[in-house]
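> Sharing a structure, written as structure tokens. Questions coming.
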Amino acid sequence: MAIITLTSDWGTRDHYLPAVKGALLSRMPDAVIVDISHEIEPFDLNQASFVLRNCYHLFPKGTVHIVAINTEADLENPHIAIRHNGHYFIGTDNGLFSLMFDTIPEEIFEIDIPQDSDYFTFPTRDVFVKAAVHLAKGGAMEELGDPLLKLFERMAFRPVISGDAIIGKVIYTDRYENVFTNITEGLFKSECRNRSFNIEFSVSRYRIRKINKSYGDVPEGELVALFSTTGNLEIAINKGNAASLLGLGTDDAIRIQFG
Amino acid sequence: MAIITLTSDWGTRDHYLPAVKGALLSRMPDAVIVDISHEIEPFDLNQASFVLRNCYHLFPKGTVHIVAINTEADLENPHIAIRHNGHYFIGTDNGLFSLMFDTIPEEIFEIDIPQDSDYFTFPTRDVFVKAAVHLAKGGAMEELGDPLLKLFERMAFRPVISGDAIIGKVIYTDRYENVFTNITEGLFKSECRNRSFNIEFSVSRYRIRKINKSYGDVPEGELVALFSTTGNLEIAINKGNAASLLGLGTDDAIRIQFG
Amino acid sequence: MAIITLTSDWGTRDHYLPAVKGALLSRMPDAVIVDISHEIEPFDLNQASFVLRNCYHLFPKGTVHIVAINTEADLENPHIAIRHNGHYFIGTDNGLFSLMFDTIPEEIFEIDIPQDSDYFTFPTRDVFVKAAVHLAKGGAMEELGDPLLKLFERMAFRPVISGDAIIGKVIYTDRYENVFTNITEGLFKSECRNRSFNIEFSVSRYRIRKINKSYGDVPEGELVALFSTTGNLEIAINKGNAASLLGLGTDDAIRIQFG
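Chains as they are written, first to last, in this note's numbering: chain A, 3 to 261; chain B, 3 to 261; chain C, 3 to 261.
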């Protein structure tokens with residue numbers, strides 16, 4: 003049974019999402035179609051890469067992930083298919099995939115197949131569906147087009163080490179207003195080396211001095227820092243709204259001061 | 003494998019949608035249920051017809067489409083099943099279907115089957131599910147009730163030709179604030195005849211003088227007109243919000259002045 | 003074909019929902035996964051219990067319902083599996099299930115299985131998925147852990163009989179702003195005994211003197227009371243917004259004065 007997932011900024015009111023599902027089922031009636039998210043902010047490649055990066059690996063190997071954000075292609079940003087970690091990804095090489103993977107993917111192919119429409123606004127329906135079904139049926143990547151050596155790069159802001167501090171930033175806020183930063187557990191541990199620390203925010207005088215393993219480790223309404231579901235440092239309030247309380251939004255700075 | 007789609011104004015928080023899915027799966031455990039949209043504005047037949055019209059044909063022939071907007075029946079607005087273009091539609095004859103199809107559907111039958119509940123507020127669960135499963139299993143339309151010769155008509159505002167101009171109106175705004183009008187590509191071409199033209203808006207002094215094939219044909223932030231995914235004239239801003247910038251909403255006038 | 007449903011307060015933008023779907027499909031590729039609702043207000047056990055109670059019984063017997071609200075366990079609130087009315091439920095014993103069922107469930111077992119992660123913030127992915135797949139494949143409840151005799155109780159406010167009146171309260175408002183109360187049809191009938199009555203609201207001078215069977219029993223824009231889809235007294239406005247007009251929200255009082 004082939005699984006095809008969909009990630010987009012379409013929302014769920016318009017005709018875009020069901021059009022793609024209909025087109026998929028017309029070509030592959032037994033495809034299992036799973037929605038990753040369609041509530042990505044319009045055109046927001048960072049948000050899309052965060053959501054997909056934190057769930058795709060839980061799907062069975064061989065799953066095909068269609069990524070439909072800013073899909074119109076041009077010479078510098080072709081439609082591509084990727085194989086990486088046993089998963090397939092189909093989308094436009096607009097930088098999103100460079101944000102998703104920490105290394106160059108194992109295989110990248112340009113998608114060069116005829117589309118069904120004279121218009122170029124809906125390649126997900128007119129191009130990606132065909133490519134996804136091709137891969138889901140066991141077709142070879144090579145048949146989609148020519149190999150590419152690397153991805154179009156979009157610069158991700160990496161945390162900076164400055165003396166005894168890590169300076170990172172907020173990259174995502176979830177429905178509970180838990181705030182996720184670009185500081186990974188690996189980086190934190192390699193810098194911390196069992197020293198004491200203060201997690202500080204650019205726009206608030208609150209401090210956190212401990213990493214916990216669950217929200218419930220602190221009383222309701224109190225701040226908690228943990229790595230949890232993503233491997234990224236997460237700032238939350240147990241049953242509360244950290245982003246609002248701390249005045250934090252995407253790109254705001256987070257500083258961990260050691261010693 | 004039978005596909006049954008669902009279009010409604012229920013939203014996705016309440017018990018209505020899962021109740022219907024449960025009832026469908028209880029009667030047909032291997033049904034493939036696909037959501038078209040549940041974010042239709044409450045009671046908005048125009049919006050529902052726009053969304054479904056622009057995606058149903060992409061599903062495989064034989065798909066059964068349940069349409070659950072204003073479903074309570076009365077003498078003038080019975081529950082009906084429709085066969086058209088190889089697809090089945092089940093809903094209430096409240097005018098929505100007259101907005102969806104350009105011609106009288108091939109077959110229309112009143113649905114006259116006993117319902118499971120003493121209440122009449124939820125015919126989707128109590129009537130449409132049975133009818134949909136009947137058709138999805140290959141049952142005959144005739145077994146649902148008596149044939150009807152025509153649909154309850156709701157007047158769609160058609161574009162008007164006035165001298166050297168087409169006067170249409172906005173019928174839908176999508177998540178990106180792209181604005182869709184009731185001016186079709188066919189009408190535009192038959193009136194344009196390679197003349198130059200100006201697309202004008204009632205509430206804004208912006209003008210568009212060209213039809214493009216993709217949003218990216220214009221720089222980011224600029225206006226673009228195209229036919230694209232629906233066959234209806236669409237006004238967009240590349241990576242922007244046309245409805246807000248132009249002050250356009252449903253029913254606002256759009257004028258194409260030729261020559 | 004095994005059906006597994008999901009109820010949560012995750013919303014549909016973040017990685018939580020697709021992570022769980024991926025984990026389910028990795029363990030059981032032919033599972034049929036159905037979303038009940040993910041738009042439950044964060045941490046709102048009452049809302050979750052209302053939605054699930056009013057739809058779970060429509061699914062086929064043997065369906066496994068994962069309930070993911072306030073899932074972190076502690077000594078008083080363990081992870082549990084329930085069998086009741088031929089359905090399975092998996093979640094945390096935080097009081098939600100005591101709100102869902104009118105009687106003690108037929109079987110309750112604590113879930114005591116190793117989890118895959120060092121973190122305790124996402125037991126749905128790390129614990130519930132395993133338990134759900136175990137049950138969906140026909141595994142025994144007993145293999146999950148030790149039996150429990152009763153649920154953690156959260157006090158539901160029950161309607162009060164006061165002289166010739168029932169005093170209840172609002173427990174849910176749906177997308178149409180129809181208002182649902184905790185007054186059941188059974189209670190109403192046993193108190194009414196064919197007497198005349200007035201339905202009164204704490205914050206509005208409107209009155210309703212009749213129970214109807216459909217919204218369309220009253221003209222558009224007028225108030226209607228009915229039992230309909232839930233068995234609970236529902237106050238609506240035909241094609242209108244009862245909650246706004248009446249100024250009613252969760253926990254506001256509703257009084258039925260008889261005689």
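Glycine included, every Cβ here is placed at the ideal spot set by N, Cα and C.
Exposed or buried, E108/C, counting other C-beta atoms within 10 Å across all chains shown (16 or more means buried)?
The residue labelled residue 108/C in the question sits at position 106 within the third sequence. Classification of E108/C: exposed, given that the 10 Å Cβ count is below 16.
> Any Cβ of chain A within less than 8 Å of the Cβ of S39/C?
The residue labelled residue 39/C in the question sits at position 37 within the third sequence. Not closer than 8 Å to any Cβ of chain A, the Cβ of S39/C fails to qualify, so no.
> Measuring CA to CA, which of F103/B, D118/B, E193/B, G147/B is closest to H89/B?
For this step, residue 89/B is matched to residue 87 along the second sequence. Of the candidates F103/B, D118/B, E193/B, G147/B, the one whose C-alpha sits nearest the C-alpha of H89/B is F103/B.
> Taking Cβ-Cβ distances shorter than 8 Å, what residues in chain C pair up with C194/A?
In the first sequence, counting from the first residue as 1, residue 194/A sits at position 192. Those do not exist, as C194/A stays about 16 Å from chain C at its closest Cβ, beyond 8 Å.
> Compare the C-beta of K171/A against all C-beta atoms of chain C and say whether one is closer than 8 Å.
Along the first sequence, one-based indexing puts residue 171/A at 169. Judged by the 8 Å Cβ criterion, K171/A is not in contact with chain C.
> Please name the residue in Y121/A, A134/A, S119/A, F122/A whose C-alpha comes closest to that of F111/A.
As a first step, residue 111/A must be located in the first sequence, where it is residue number 109. Checking every option, the nearest Cα to that of F111/A belongs to A134/A.
> Under 9 Å, CB to CB, which of the residues in the region 99-125 of chain B have a partner in chain C?
Hits within the stretch, in order: S119, D120, Y121, F122, T123, F124.
> Just by C-beta distance, which residues in the region 156-183 of chain A are closer than 7 Å to chain C?
Under the 7 Å Cβ criterion, the region 156-183 of chain A contributes D176, R177, Y178.
> With distances taken from CA atoms, which of G242/C, A255/C, T252/C is nearest H46/B?
Working through the second sequence from its first residue, we reach residue 46/B at position 44. Reading the sequence as shown, one finds Asp at residue 46/B and not His. The shortest Cα separation from D46/B among G242/C, A255/C, T252/C belongs to G242/C.
> Between the C-alpha atoms of S204/A and A238/A, what's the straight-line distance to the nearest angstrom?
Reading the first sequence from its first residue, position 202 is the one you call residue 204/A. Reading the first sequence from its first residue, position 236 is the one you call residue 238/A. Computed Cα separation, rounded: 16 Å.
> Hey, is V172/B close to the ligand HEM, as in C-beta under 7 Å from one of its heavy atoms?
Annotation note on the ligand HEM: not contained in the displayed structure, which lists no ligands.
> Excluding the five sequence neighbours on either side, which residues of its own chain have a C-beta within less than 7 Å of the C-beta of Q49/C, listed in chain order?
For the purposes of this step, residue 49/C is taken as residue 47 along the third sequence, with counting starting at 1. Only I42, E43, Y174 meet the Cβ criterion.
> Under 8 Å, CB to CB, which of the residues in the region 209-235 of chain A have a partner in chain C?
Hits within the stretch, in order: K215, S216, Y217, G218, L228, F229, S230, T231, T232.
> For G233/A, which residues from the same chain have a beta carbon less than 6 Å from its beta carbon, with the 5 sequence-adjacent residues on both sides left out?
Position 231 of the first sequence, counted from the first residue, corresponds to residue 233/A. The answer, listed in chain order, is T186, E187.
> Please name the residue, chosen from I210/B, L189/B, S206/B, Y121/B, that lies closest to F199/B on a Cα-to-Cα basis.
Counting from one through the second sequence, the residue named residue 199/B turns up at place 197. Comparing Cα-Cα distances from F199/B to each of I210/B, L189/B, S206/B, Y121/B, the minimum goes to I210/B.
> At a CB distance below 7 Å, what residues from the region 6-40 of chain B approach chain C? Give them in sequence order.
Cβ contacts with chain C: W12, G13, T14, R15, D16, H17, P20, A21, K23, G24, A25, L27, S28, P31, D32.
> Does the Cβ of F91/B have 16 or more other Cβ atoms within 10 Å, making it buried, or fewer, making it exposed?
Residue 91/B sits at position 89 when you count from the first residue of the second sequence. Buried is the call here.
> Listing by chain order, which chain A residues have their CB less than 8 Å from the CB of P80/B?
Position 78 of the second sequence, counted from the start, is the residue given in the question as residue 80/B. Within 8 Å Cβ-Cβ: nothing; P80/B doesn't reach chain A, min ~26 Å.
> Buried or exposed: D166/A, going by 16 or more other Cβ atoms within 10 Å of its Cβ?
Position 164 of the first sequence, counted from the first residue, corresponds to residue 166/A. Exposed, since its Cβ has fewer than 16 Cβ neighbours within 10 Å.
> Looking at chain B, is there any beta carbon in it that lies within less than 8 Å of the beta carbon of E74/A?
Position 72 of the first sequence holds residue 74/A. With 8 Å as the cut-off, E74/A counts as an interface residue toward chain B.
> If you measure between the beta carbons of V131/A and A4/A, is that distance less than 8 Å?
Along the first sequence, read from residue 1 onward, the residue named residue 131/A stands at position 129. Along the first sequence, read from residue 1 onward, the residue named residue 4/A stands at position 2. For V131/A and A4/A, no; Cβs fall outside 8 Å.
> For P103/B, name the three-state secondary structure that DSSP assigns.
Taking the second sequence and counting its residues from 1, the one referred to as residue 103/B is at position 101. Note that residue 103/B corresponds to Phe in the displayed sequence, not to Pro. Coil.
> Check whether the region 8-17 of chain B touches the region 217-225 of chain C, counting contact only when three or more Cβ pairs, one atom from each stretch, lie closer than 8 Å.
Judged by Cβ distances under 8 Å, the region 8-17 of chain B makes no contact with the region 217-225 of chain C, as fewer than three pairs qualify.
> Along chain A, which residues have their Cβ under 8 Å away from the Cβ of F190/B?
Sequence index remark: in the second sequence, residue 190/B carries index 188 (1-based). What F190/B touches in chain A: nothing, since even the nearest Cβ is about 14 Å away.
> Tell me which residue opens and which closes the alpha helix (DSSP H) that L247/A is part of.
Indexing the first sequence from 1 puts residue 247/A at position 245. Where L247/A is concerned, the enclosing alpha helix (DSSP H) stretches over 244-248.
> Say whether chain A places a C-beta atom closer than 8 Å to the C-beta of F154/C.
Residue numbering aside, residue 154/C sits at position 152 when the third sequence is read from its first letter. Closer than 8 Å: no.
> Skipping 5 residues on each side, what residues in its chain have a beta carbon closer than 7 Å to that of E179/C?
Counted from its first residue, the third sequence places residue 179/C at position 177. So the qualifying residues of the chain are N243, A244, A245, S246.
> By Cβ distance below 6 Å, which residues in the same chain neighbour V181/B in space, the five residues on each side in sequence not counted?
The residue you call residue 181/B lines up with position 179 of the second sequence. So the list reads V172, T175, I237, A244, A245, L250, once near-sequence residues are dropped.
> Quick check on DSSP: helix, strand or coil for H89/C?
What you label residue 89/C is simply residue 87 of the third sequence in a count that begins at 1. Here H89/C sits in strand by DSSP.
> Strictly below 8 Å CB to CB, what residues from chain B border V53/C?
On the third sequence, position 51 is the one that residue 53/C refers to. Within chain B, the residues near V53/C are R15, D16, H17, P20.
> Quick one: Cα of G147/A to Cα of K23/A, how far?
Numbered from 1 along the first sequence, position 145 holds the residue referred to as residue 147/A. Numbered from 1 along the first sequence, position 21 holds the residue referred to as residue 23/A. Using only the alpha carbons, I get a separation of about 24 Å.
> Can you pull the chain C neighbours of F45/B, defined as C-beta to C-beta under 7 Å?
Start at 1 with the first residue of the second sequence, and residue 45/B comes out as number 43. Result: K241.
> Near G93/C, which residues of its chain fall below 6 Å by C-beta distance, leaving aside the five closest residues on each side in sequence?
Position 91 of the third sequence holds residue 93/C. Excluding sequence neighbours, G93/C sits near V69.
> Starting from L8/A, follow its DSSP beta bridges and name the residues at the other end.
Here residue 8/A refers to the residue found at position 6 when the first sequence is read from its first residue. D37/A, I68/A, per the DSSP bridge assignment.
> How big is the Cα-Cα spacing for N240/A and R29/C?
Translated into positions along the first sequence, residue 240/A becomes position 238. Translated into positions along the third sequence, residue 29/C becomes position 27. So the alpha carbons of these two residues sit roughly 31 Å apart.
> Have a look at F124/A and L151/C and give me their C-alpha separation to the nearest angstrom.
As a first step, residue 124/A must be located in the first sequence, where it is residue number 122. As a first step, residue 151/C must be located in the third sequence, where it is residue number 149. The straight-line gap from Cα to Cα measures roughly 56 Å.
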